[in-house]
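Engineer: Structure provided below as structure tokens; questions to follow.
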Ligand code: SF4
Ligand code: SF4
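Numbering (my numbering), first residue to last: 2 to 287.
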């Protein structure tokens with residue numbers, strides 16, 4: 002990629018709990034970073050984690066390998082029921098302790114705490130514990146409704162028999178704002194900030210089995226299988242026609258007069274576009 006003139010390499014570690022392989026992440030990051038030296042290229046890395054393995058040593062060594070962004074995902078009611086450590090330890094408390102230690106450090110990272118809630122999550126004291134860091138620009142919050150993952154019956158139970166969490170979402174956001182925290186949605190929207198990485202030609206999802214795809218959600222979708230790692234020959238094999246299904250997004254007539262043009266550019270969710278076969282556009286959720 003560097004030979005083809007790419008100037009920025011970003012590696013995101015996501016799926017299950019990536020920090021179980023912390024040492025491999027560090028080794029890989031260091032290797033890629035060493036390849037960018039003298040190539041006029043920048044290297045960045047980020048991790049999406051449940052936070053329970055993010056202790057002080059891990060944060061420091063990951064930072065030294067180039068990890069400067071973390072998205073720490075917590076579920077309120079669901080967290081310790083869905084995310085259980087082998088020794089039954091409380092994941093939520095471990096994550097909370099690690100967040101505090103991170104924020105005490107001088108390292109220049111960005112940390113987004115994403116909290117997934119259900120309609121019944123009306124307890125806000127978790128946020129109070131971070132009050133001393135309300136002016137720390139490294140810290141952002143993102144509040145979303147609990148996604149449909151894990152066992153269906155469990156999900157439905159948490160959804161309080163289908164009761165919508167919209168009102169609860171609003172209360173969480175208002176509480177955070179009243180304490181002086183920054184919500185990620187309040188950050189200035191940049192060019193393509195509503196675009197999905199799957200819509201970019203330079204982005205690939207490399208899975209543990211060596212298959213290469215575009216979308217991190219539709220993992221069982223055959224269209225999301227666009228290549229593989231050819232380990233013996235040290236190369237990536239990509240079917241670029243298959244990739245076009247995700248990354249070829251010419252503007253539709255409606256896009257030219259759309260208020261979201263700069264942030265979306267017909268790139269919001271290529272998966273939605275494929276499912277919505279009657280439309281050339283992917284703005285269904287915007
Ligand atoms: S895809 Fe939809 S939201 Fe995006 S620019 Fe086009 S019309 Fe606007
Ligand atoms: S579901 Fe849509 S927005 Fe999410 S990663 Fe896949 S293509 Fe992108």
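C-beta atoms are modelled at their ideal positions from N, C-alpha and C, and glycine is treated no differently.
Counting only C-beta atoms, is residue 73 closer than 8 Å to chain D at any point?
Structural biologist: No chain D appears in the structure shown, which is made up of a single protein chain.
Engineer: Just to confirm, is the Cβ distance from residue 230 to residue 207 under 8 Å?
Structural biologist: Your numbering for residue 230 matches position 229 in the chain shown. Your numbering for residue 207 matches position 206 in the chain shown. Closer than 8 Å, so yes.
Engineer: Using the Cβ count rule (16 or more neighbours within 10 Å means buried), how would you classify residue 32?
Structural biologist: As a position in the chain shown, residue 32 is number 31, starting the count at 1. So residue 32 counts as exposed.
Engineer: Take residue 243 and list the residues in its own chain whose beta-carbon comes closer than 8 Å to its own, dropping the five residues that flank it on each side.
Structural biologist: Stepping through the chain shown from its first residue, residue 243 is reached at position 242. Correct list, in chain order: 224, 226, 227 and 228.
Engineer: With 16 other CB atoms within 10 Å as the buried threshold, where does residue 133 fall?
Structural biologist: Within the chain shown, residue 133 is the residue found at index 132, counting from 1. In summary, residue 133 is exposed, with fewer than 16 beta-carbon neighbours lying within 10 Å of its beta-carbon over all protein chains present.
Engineer: Thinking residue 76 and residue 117 are a contact (beta carbons under 8 Å), I'd like their distance in whole angstroms, please.
Structural biologist: Mapped onto the chain shown, residue 76 falls at position 75. Mapped onto the chain shown, residue 117 falls at position 116. Contact holds; Cβ gap of about 4 Å.
Engineer: Excluding sequence positions up to five away, which residues of its chain have a Cβ less than 6 Å from the Cβ of residue 54?
Structural biologist: As a first step, residue 54 is located in the chain shown; it is residue number 53 there, counting from the start. Within the same chain, 20 come within 6 Å of residue 54 by CB-CB distance, once the 5 residues on both sides are set aside.
Engineer: Using a threshold of 7 Å, is the CB atom of residue 277 nearer than that to any non-hydrogen atom of ligand 1?
Structural biologist: In the chain shown, counting from the first residue as 1, residue 277 sits at position 276. No, Cβ of residue 277 sits at least 7 Å from all heavy atoms of ligand 1.
Engineer: Can you say whether residue 17 is buried or exposed, counting buried as having 16 or more other CB atoms within 10 angstroms of its CB?
Structural biologist: Working through the chain shown from its first residue, we reach residue 17 at position 16. Per the 10 Å Cβ criterion, exposed.
Engineer: For residue 126, which of 177, 101, 100 and 147 has the nearest alpha-carbon?
Structural biologist: As a first step, residue 126 is located in the chain shown; it is residue number 125 there, counting from the start. If we check each option's Cα against that of residue 126, 177 comes out closest.
Engineer: Any heavy atom of ligand 2 closer than 7 Å to the CB of residue 223?
Structural biologist: The residue you call residue 223 lines up with position 222 of the chain shown. Short note on residue 223: C-beta not closer than 7 Å to any heavy atom of ligand 2.
Engineer: Residue 232 lies in the alpha helix (DSSP H); which residues open and close that run?
Structural biologist: To locate residue 232, count along the chain shown from 1; it is residue 231. No alpha helix (DSSP H) holds residue 232; DSSP gives it neither H nor E.
Engineer: Would you please state the rounded distance, in angstroms, between the beta carbons of residue 268 and residue 197? I believe it to be under 8 Å.
Structural biologist: By 1-based counting over the chain shown, the position of residue 268 is 267. By 1-based counting over the chain shown, the position of residue 197 is 196. Contact flag correct, Cβ pair sits at about 6 Å.
Engineer: Within the present structure, is the beta-carbon of residue 9 separated from the nearest heavy atom of ligand 3 by less than 7 Å?
Structural biologist: No copy of ligand 3 appears in this structure; the ligands present are ligand 1 and ligand 2.
Engineer: Would residue 27 and residue 66 be called neighbours here (beta carbons separated by less than 8 Å)?
Structural biologist: On the chain shown, residue 27 is found 26 positions in, with the first residue counted as 1. On the chain shown, residue 66 is found 65 positions in, with the first residue counted as 1. Here residue 27 is near residue 66, since their CB atoms are less than 8 Å apart.
Engineer: Do residue 264 and residue 193 have their C-beta atoms closer together than 8 Å?
Structural biologist: Taking the chain shown and counting its residues from 1, one reaches residue 264 at position 263. Taking the chain shown and counting its residues from 1, one reaches residue 193 at position 192. The answer is yes: Cβ separation under 8 Å.
Engineer: Since residue 47 and residue 102 are thought to touch, with beta carbons under 8 Å apart, how far apart are those beta carbons, to the nearest angstrom?
Structural biologist: Your numbering for residue 47 matches position 46 in the chain shown. Your numbering for residue 102 matches position 101 in the chain shown. At roughly 19 Å, the Cβ-Cβ gap does not stay under 8 Å, so residue 47 and residue 102 are not in contact.
Engineer: What residue ranges within the region 166-235 form continuous alpha helix (DSSP H) runs of no fewer than 4 residues, ordered along the chain?
Structural biologist: For the region 166-235, whole alpha helix (DSSP H) runs of length 4 or above, ordered along the chain, are 167-180.
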